[in-house]
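S.K.:
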Amino acid sequence: MSNKENNILVVGTGTIGEPLIGLLAEHQKSLGIDNVYFFKRTPLSDERGKVEALIRKGSKLVSTNDVLSEFNNLGFEAEDVEKAYEKCSVIIDCTPSGNSNWENIYSKLDSSKRFMAQGSEHGFGPFFAWGINNETLNPKNNKYLIASCNTHNIASIVKSFSLDTDRELLEGRFVCLRRANDVSQNDSFAPSPTITKHDNQEFGTHHARDVYELFNQDGKELNLFSSAIKLPTQYMHTLWFNLAFKDNLEFDSVMSELENNDFLMTTEKLSSNKVFSFGRDHGYHGRLLSHGIVAIDSLHVKNNNLTGYCFTPQDGNALLSSVAASVNYFYEDSWEEKMEVFNQYLFKQI
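Using our numbering, the letters of the sequence shown map in sequence onto residues 44 to 393.
1) Does the segment 116-129 come close enough to the segment 203-222 that 3 or more CB-CB pairs lie under 8 Å?
2) Taking only runs that begin and end inside the segment 83-165, name each unbroken beta strand (DSSP E) of 3 or more residues, in chain order.
3) Are the segment 135-146 and the segment 46-59 touching, with three or more C-beta to C-beta distances below 8 Å?
4) Out of PRO234, GLY247 and PRO62, state which residue places its alpha-carbon closest to the alpha-carbon of CYS219.
5) Using only alpha-carbon positions, find the residue among SER315, SER199, MET308 and ASP376 that is nearest to TYR255.
6) In three-state terms, what does DSSP make of TYR327?
7) Is LYS72 helix, strand or coil by DSSP?
8) Distance, Cα to Cα, ASN386 vs GLY118?
9) Look at the alpha carbon of LEU206 and the alpha carbon of GLU300, and state the distance between them as a whole number of angstroms.
10) Could you tell me whether the Cβ atoms of ASN49 and SER155 are closer together than 9 Å?
11) Going by alpha carbons, who is nearest to SER203 out of ILE336, VAL366 and VAL53?
12) Determine the closest residue to PRO234 out of ASN224, HIS241, ASN142 and MET308, with distance taken between C-alpha atoms.
13) CB-CB under 8 Å to ASP290, same chain, minus the five flanking residues each way: which ones, in chain order?
14) Tell me whether GLU61 is buried or exposed, calling it buried when 16 or more other Cβ atoms sit within 10 Å of its Cβ.
15) Taking buried to mean at least 16 other C-beta atoms within 10 Å of its own C-beta, is ASN259 buried or exposed?
16) Determine the burial state of PHE294: buried for a count of at least 16 other Cβ atoms within 10 Å of its Cβ, exposed for fewer.
17) When DSSP builds the beta bridges, which residues end up paired with PHE81?
18) Assign GLY351 to one of two classes, buried (16 or more other C-beta atoms within 10 Å of its C-beta) or exposed (fewer than that).
19) Under the three-state reduction of DSSP, which class applies to ASN46: helix, strand or coil?
20) Tell me whether the beta-carbon of ASN360 lies closer than 9 Å to the beta-carbon of LEU331.
21) Counting pairs of Cβ atoms below 8 Å between the segment 93-109 and the segment 62-81, do you hit three or more?
22) From which residue to which residue does the alpha helix (DSSP H) around ARG252 run?
23) So within the segment 284-328, which uninterrupted beta strand (DSSP E) runs reach at least 3 residues, ignoring any that extend past its ends?
24) Is there contact here, the segment 272-282 with the segment 313-320, by at least three beta-carbon pairs under 8 Å?
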C-alpha cells in the first residue's frame, strides 16, 4: 500500500512456512506480488536442499546479520532480515513465536503493514479463514490470526450445514482425531493414543473455542464443544462431528449442499492413508488445500442430527487463508478474482 513494491516476508520454513513460501513464489505474477522473502534463522547443512528448492521457486532468503556468512558458506546469498522488515508490507509469521515476535519486533515496525500469525498463537488478532469469514478483512486492522487446520475444518462444517442453509444449530460436538506429528518431523510422536485434557469448561478443548470466537467476531453465538486425542499416525487429522438442529433434515439435502460447496471435498475413501496419498500425488507440495474432505459413506442423518467424519488437510487448508489475506492487502477490489488461480488445486471429489 504505502510501499512501491508488493513484497511479502514469510517467517519460518516449517510445515506451514515451507509450502506457503512456494505457493506465493510460484504464483507471484498472477497474484501481483513483486518479491517473496523468507526468513530462515538457522543455517543447517542438512536443510540445504530445502533452501535451494525455495530459491528456485523464486523466493529470496533473509536471515539475521550474524549468520549471513554461514549461509554464504553453504552456497546461498542471504540478505539481512532487518532490510526485509522494512521492504515488506505483509509479514506472515509461521513459527510458534508469533506473539513474542509481535512484542519484540513487529510492533515496532510501520503500523500500516499487515501482520499474520498461525492458529497456535491465540490472541494475536482476529481469526481469519478464507471462504469462511472473508468480510473480516479490512484496511483498519493490521493483525490477523490465521485459523488452524482443525479450526478451518470445523468452521467449514458448521458454515456449510448450518449458517449457509439457515438451519438453526442447537449444538455442535466434535472429536479431533489428531495425527501424532508430520512425516517430516522426528519429535513429538505418540506411540499410543493420547488424550487431550478438557481444559476449557465451556468448550472442552481449544478447537471449539477457536471456532466459537471466529464466528462470534460477526456476532454469532454458537453452542460448540470439542474433544481431541492424538493417534500414532503421521498421515492426517480426522474430525468426527455431530450437529443437532432445531428442525429435522434430509440426507439428500446434505448431499446437495456438499455437491455445491466450493471448500469441502468429498471422498468414498475411508482411510486417511488413501486420502493422504492422493494429496501427496496431486496436491500442491503434497498438500490438499480444501477445508476438509468429507467421507460421504460416514454421513448419517437421523431426525435433527447429522453425524459424520471429515479428514483434515493439516498444514494445507490454512495456506490459502494466508495468501488471501496478503493479496487482499494489496488489491482490495480484485483480490478474490486473483485467488481464482488456486482453483486448479481444489477438487470436488477424490
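Glycine included, each C-beta is placed from N, C-alpha and C at the ideal position.
All figures in this text were calculated on a predicted structure; none of them were measured in a lab.
M.R.: The answer reads as follows:
1) no
2) 103-106, 133-136 and 157-160
3) In short, these stretches touch, since the Cβ pair count reaches three.
4) Position 176 of the sequence shown holds residue 219. The option with the nearest alpha carbon to CYS219 is GLY247.
5) Within the sequence shown, numbered from 1, the residue matching residue 255 stands at position 212. Measuring from the Cα of TYR255, the nearest candidate turns out to be SER199.
6) For this step, residue 327 is matched to residue 284 along the sequence shown. Strand.
7) For the purposes of this step, residue 72 is taken as residue 29 along the sequence shown, with counting starting at 1. Here LYS72 sits in helix by DSSP.
8) Residue mapping note: residue 386 aligns to position 343 of the sequence shown, counting from 1. Residue mapping note: residue 118 aligns to position 75 of the sequence shown, counting from 1. So the alpha carbons of these two residues sit roughly 36 Å apart.
9) In the sequence shown, counting from the first residue as 1, residue 206 sits at position 163. In the sequence shown, counting from the first residue as 1, residue 300 sits at position 257. Straight-line Cα distance between these residues: approximately 12 Å.
10) Here residue 49 is taken as the residue at index 6 of the sequence shown, counted from 1. Here residue 155 is taken as the residue at index 112 of the sequence shown, counted from 1. Contact flag unset, no.
11) Position 160 of the sequence shown, counted from the start, is the residue given in the question as residue 203. Checking every option, the nearest Cα to that of SER203 belongs to ILE336.
12) As a working mapping, residue 234 is identified with position 191 in the sequence shown. When only C-alpha atoms are compared, the closest one is ASN224.
13) Looking up residue 290 in the sequence shown gives position 247. Within the same chain, ASP290 has close Cβ partners ARG210, GLU211 and ASN347.
14) What you label residue 61 is simply residue 18 of the sequence shown in a count that begins at 1. That one is buried.
15) Start at 1 with the first residue of the sequence shown, and residue 259 comes out as number 216. Exposed is the call here.
16) What you label residue 294 is simply residue 251 of the sequence shown in a count that begins at 1. The residue is exposed, with fewer than 16 neighbouring Cβ atoms inside 10 Å.
17) Counting from one through the sequence shown, the residue named residue 81 turns up at place 38. The partner list for PHE81 (beta bridge, DSSP) reads VAL53 and LEU104.
18) Sequence index remark: in the sequence shown, residue 351 carries index 308 (1-based). Buried is the call here.
19) What you label residue 46 is simply residue 3 of the sequence shown in a count that begins at 1. Here ASN46 scores only 47 on pLDDT, less than 50, and its place in the model is too uncertain to base an answer on.
20) Taking the first residue of the sequence shown as position 1, residue 360 is located at position 317. Taking the first residue of the sequence shown as position 1, residue 331 is located at position 288. It is a contact, given that the beta carbons lie within the stated cut-off.
21) yes
22) Translated into positions along the sequence shown, residue 252 becomes position 209. 249-259 is the span of the alpha helix (DSSP H), which, as asked, contains ARG252.
23) Runs of beta strand (DSSP E) with 3 or more residues, each lying fully within the segment 284-328, are found at 307-310, listed in chain order.
24) yes
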